[in-house]
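Residues in the sequence shown are numbered from 28 upward in steps of one, following our numbering. Remarks on the structure that follows.
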Amino acid sequence: MKRITAIALCLIISAMSLSGCIGLNMNEDDGSVDEPTPLVEDNLIEWNVYFTSGLGGLPECNDMNEGMLFYVESEIHFQVCTQYGWQIIDISGVDGIDGDSGADGAQGPAGSQGPAGADGADGADGADGADGADGADGADGADGADGQDGADGNTFDIAWLDYTNGVLFGWCSHIFNEDISGQDFSGFDGRGVDIRYSDFSNSNFSDSYWGRTSCGGLNTGHGFWNKLAIIVGSDFSNSDFSGVEIHGVSILNSDFSNVDFSDSNLSYLICTGTYCVNQPTAIANSNLTNAIFVSSDMTYIDLTSSNLINVDLTDAILRGANLDDADLSYADLSYADLSKEPYILGLDSGVEYGNYTTSAINANFNSAILEYANLSDGNYNGADFSYADLSGAVLTNAILDKSVFDGANIDGTDFTGATLDLPQQKALCARAT
């Protein structure tokens, strides 16, 4: 096969000059086509090489014609008859490099307009335009049906109150079972007032005054009824009592938790009459949890059995106070003064008759802060000072029978002259100064 291809290539070159002599035999008389004829040159005939203008001129490829080589002009290639039939001999070379592009031809005339394409997707909305001018008001609609009555608001009857020269007075009033929470009573004058089972929570009583006053003549027709202010079973929680003066008032079973009493004066009422005695302010059996008494004067106050857990009594004056059975656990009494209080009778122009001594029998000071507090001369029989901080505290001449100091910090505590009759208490001397 390779040999035939080589011969074919040689013949192509030779055939260039003999193309006029190669072809089929034509009859001059009738123009008919005879069988394909070999090249006229003797040497080409010997090679068995022929020419035909188209594929239709190829004879049947059989044993007689095997080896015959034809150049097919219409296909520009050679075909050779082999035992497998006619086989193409490709004589085309590798494509040459493309020549430079020719200049663009003149633009042809515009064609007719084609059909319209489908609509594209809508674009994003543009920014809103400026509002137009308001139109004229329409006619009023018909009135709707009345709604249901709302719950009663926080109102109260103030018939028992009186305003005089801008001061709110509640003198000698009786306020029972009232809900008066969340009100502003700053500057209130509550002398002789009697409040029972009422709600004054979340109210403002700053700079108010509470005490005793004359509430009318006696039935005998001689003298006046001096009435103390009384508060029983009432709620004053979360209220502001800063800067108040409360003297000789009796408060029982009431809630004063989270109340701010800072810079207030709750000291006792000094007797100024012939047949009277000094009257302490009493907040007994009441809830004072988290109350603030910073820098307050609570001289001779009665806090018997009250809850003073976590109360802030920093720098408070508690001389002669009664704290029997009170719970002062976690309270802060730093720099508080619980020493004795000399008492006088106002009628005698300041003559001292004795001393009120602080009493905290069976009081609970567990985990309380008593740094640098003055507890001298007081009676603390059975008091629980477990885990309290008594560093720098003064307990000189204090009565501490059966008191408990388990885990207490007594660094720098002064027990000089204190009564310590139990082995546990006496052991304190070994680690206290």
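Don't be surprised by glycine CBs; every beta carbon is placed ideally from N, CA and C.
Beta-ladder partner(s) of residue i, from DSSP
i, result
"T109", "G112"
"H104", "V99"
"N408", "Answer is none; N408 lacks a bridge partner."
"R218", "Per DSSP, none; premise fails for R218."
"R223", "F203, V259"
"Y399", "Beta-bridge pairing links Y399 to no other residue."
"P369", "N382"
"S264", "None, per the DSSP bridge assignment."
"I273", "W237"
"Q306", "L296"
"T15", "Any answer about residue 15 is impossible in this case: the structure gives the chain only from 28 up to 460."
"D441", "V421"
"D211", "N231"
"N391", "D354, D411"
"V431", "D411"
Supposed contact pair residue j and residue i - C-beta distance, whole angstroms, cut 8 Å
i, j, result
"F232", "S266", "6 Å"
"T440", "A420", "5 Å"
"Q110", "V99", "Not really, about 20 Å apart at Cβ, beyond 8 Å."
"V259", "S281", "7 Å"
"D221", "H201", "5 Å"
"L345", "D364", "6 Å"
"R218", "G238", "5 Å"
"S230", "Q210", "5 Å"
"A311", "D329", "6 Å"
"C88", "G112", "5 Å"
"Y236", "E205", "At roughly 20 Å, the Cβ-Cβ gap does not stay under 8 Å, so Y236 and E205 are not in contact."
Simplified DSSP state of residue i, which is helix, strand or coil
i, result
"L417", "coil"
"L296", "strand"
"L82", "helix"
"C88", "coil"
"L360", "coil"
"K254", "strand"
"P65", "For P65, the predicted structure reports a pLDDT of 48, less than 50, and the residue's modelled location is therefore unreliable. A value from the coordinates is still provided. DSSP places P65 in strand when its eight states are reduced to three."
"I426", "strand"
"A311", "strand"
"N461", "As displayed, the chain neither begins before 28 nor continues past 460, which places residue 461 out of reach and without an answer."
"L340", "coil"
"E170", "Checking the sequence shown, residue 170 turns out to be Asp, not Glu. Coil at D170, not helix or strand."
"D290", "coil"
"D282", "strand"
"N334", "strand"
"N349", "strand"
"V121", "coil"
"A178", "Note that A178 scores 48 on pLDDT, short of 50, meaning its location in the model is unreliable; the coordinates nonetheless yield the value given after this. Coil."
"I328", "coil"
"I185", "Residue confidence for I185 is low, a pLDDT of 46 falling below 50, so the modelled location carries little weight; the figure read from the coordinates is stated next. The answer is coil: DSSP assigns I185 none of H, G, I, E or B."
Cβ-Cβ distance between residue i and residue j below 8 Å
i, j, result
"I336", "T316", "yes"
"G275", "T308", "yes"
"A390", "A353", "yes"
"E465", "S430", "Given a span of 28 to 460 for the chain in the structure shown, any question on residue 465 remains unanswerable."
"S208", "D234", "no"
"Y362", "G347", "no"
"H104", "D122", "no"
"Y407", "A435", "no"
"S366", "D404", "yes"
"I319", "S356", "no"
"L427", "A387", "no"
"F268", "S291", "yes"
"L82", "S101", "yes"
"M325", "S277", "no"
"D75", "M95", "Correcting the residue type first, residue 75 is Asn in the shown sequence and not Asp. Yes."
"Q175", "L255", "no"
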